[in-house]
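This note's numbering applies: residue 1 is where the sequence shown begins, and numbers increase by one.
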Amino acid sequence: FSNVISKSDVKSLAEADEQEVVAEVQEFYGDYIAVNPHVFSLNLLGCCQGRSWDPAQLARTTQGLTALLLSLKKCPMIRYQLSSESAKRLAECVKQVITKEYELFDFRRTEVPPLLLILDRSDDAITPLLNQWTYQAMVHELLGINNNRIDLSRVPGISKDLREVVLSAENDEFYANNMYLNFAEIGSNIKNLMEDFQRRKPKEQQKLESIADMKAFVENYPQFKKMSGTVSKHVTVVGELSRLVGERNLLEVSEVEQELACQNDHSSALQNVRRLLQNRKVTDLDAARLVMLYALHYER
């Protein structure tokens with residue numbers, strides 16, 4: 001099992017095992033999705049009913065958090081946002097599990113105790129409405145990432161082998177080094193990656209005139225093939241991001257978003273929002289975001 005299993009579930013399993021084929025039951029705490037080395041997800045959509053927790057989603061979030069704590073062998077102090085009833089409820093649920101399963105959480109104490117800090121994302125209504133300009137965030141926002149996989153099947157002229165690609169910092173060095181960089185820097189680094197690939201390519205395609213040449217080719221081919229796949233993947237992804245930025249006029253949209261978020265020139269903001277709402281390249285989603293940002297900033 002990937003999480004704590006209750007005694008009642010073990011009993012039900014034992015009663016159903018009429019042939020006595022189950023020899024052992026173990027718990028491996030991995031009931032969550034590791035996205036990056038420092039980021040995990042529970043793949044939940046629609047956690048709330050209005051401004052309160054959906055009971056099933058609250059239970060699932062509690063399970064995922066406690067599985068994470070057990071896999072990291074941490075028994076934390078819990079702090080939560082006082083102004084948020086949702087944060088308080090989650091903190092209480094996690095605390096209940098830790099208290100109930102105290103033997104599982106009996107880890108060696110550290111000099112600085114671990115801290116589980118629970119914040120309510122709804123406290124900041126502005127940031128989620130802004131277009132993002134770092135590589136991973138842009139891919140997530142414009143193309144969508146599901147378990148580190150990107151669906152590119154709708155990209156015009158896409159080749160069959162690139163209809164779905166994997167972006168994982170664990171096995172993609174270029175992605176790991178560039179995932180938090182700005183889009184302009186990504187373009188420059190893609191160019192450098194391609195130039196490096198072109199420099200290596202002739203060496204890999206030299207004539208195989210001896211056994212030593214053949215041996216060297218076989219040894220280097222997997223690395224060459226991997227680099228070729230990396231170049232193709234990132235050129236395709238960055239190319240599609242660039243196409244969407246131009247198609248949706250996102251540079252101009254983002255400029256107005258930043259003005260709404262950081263400045264207080266009401267007359268200019270109103271004029272710019274109206275202008276973009278009349279621009280056919282601006283999507284309904286981006287238009288709605290602009291209107292919400294305007295309403296949040298200049299609410300009366």
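Glycine residues also receive a C-beta, built at the ideal position from the N, C-alpha and C atoms.
As the crow flies, the alpha-carbon of His-266 is around 12 Å from that of Val-256. If you look at Ser-8, you'll find it isn't in any beta strand (DSSP E); it sits in the alpha helix (DSSP H) that goes 7-16.
In this structure, the beta-carbon distance from Val-25 to Val-10 falls below 8 Å. Each residue's CA atom was taken as its position, placing Tyr-298 and Pro-128 some 18 Å apart. By the neighbour-count criterion, in which a residue is buried when 16 or more other Cβ atoms sit within 10 angstroms of its Cβ, His-38 is exposed. When Leu-69, Asn-279, Trp-53 and Gln-271 are compared, the shortest CA-CA separation from Asp-120 is found for Trp-53.
Look at the stretch 150-206 and you find these whole runs of alpha helix (DSSP H), each 4 residues long or longer: 173-178 and 183-204. The alpha carbon of Ser-71 has as its nearest neighbour, out of Leu-117, Ser-122 and Ala-34, the alpha carbon of Ala-34.
A check of alpha carbon separations from Asn-43 across Asn-189, Val-155, Asn-146 and Ser-268 identifies Asn-146 as the nearest. The distance from the Cβ of Glu-18 to that of Val-4 is about 26 Å, inconsistent with a contact at the 8 Å cut-off.
Within the same chain, Cβ atoms closer than 6 Å to the Cβ of Lys-73 are found at Phe-107, the five residues on either side in sequence being excluded. Ile-78 places its beta carbon less than 8 Å from that of Leu-116. Per DSSP, Ala-23 lies in no beta strand (DSSP E) and is assigned neither H nor E. Here Ile-118 really is in contact with Ala-87; their C-beta atoms are around 5 Å apart, less than 8 Å. In its chain, beyond the 5 residues on either side, Leu-143, Ile-158, Leu-162, Arg-163, Glu-164, Val-165, Thr-236, Val-237 and Glu-240 have a beta carbon closer than 8 Å to the beta carbon of Leu-152. No residue range can be given for Asn-264, since it is assigned to no beta strand (DSSP E) and is classified by DSSP as neither H nor E.
For Ala-34, the enclosing beta strand (DSSP E) starts and ends at 33-36.
When the alpha-carbon of Val-155 is set against those of Trp-133, Leu-277, Glu-247 and Leu-181, the nearest one is in Glu-247.
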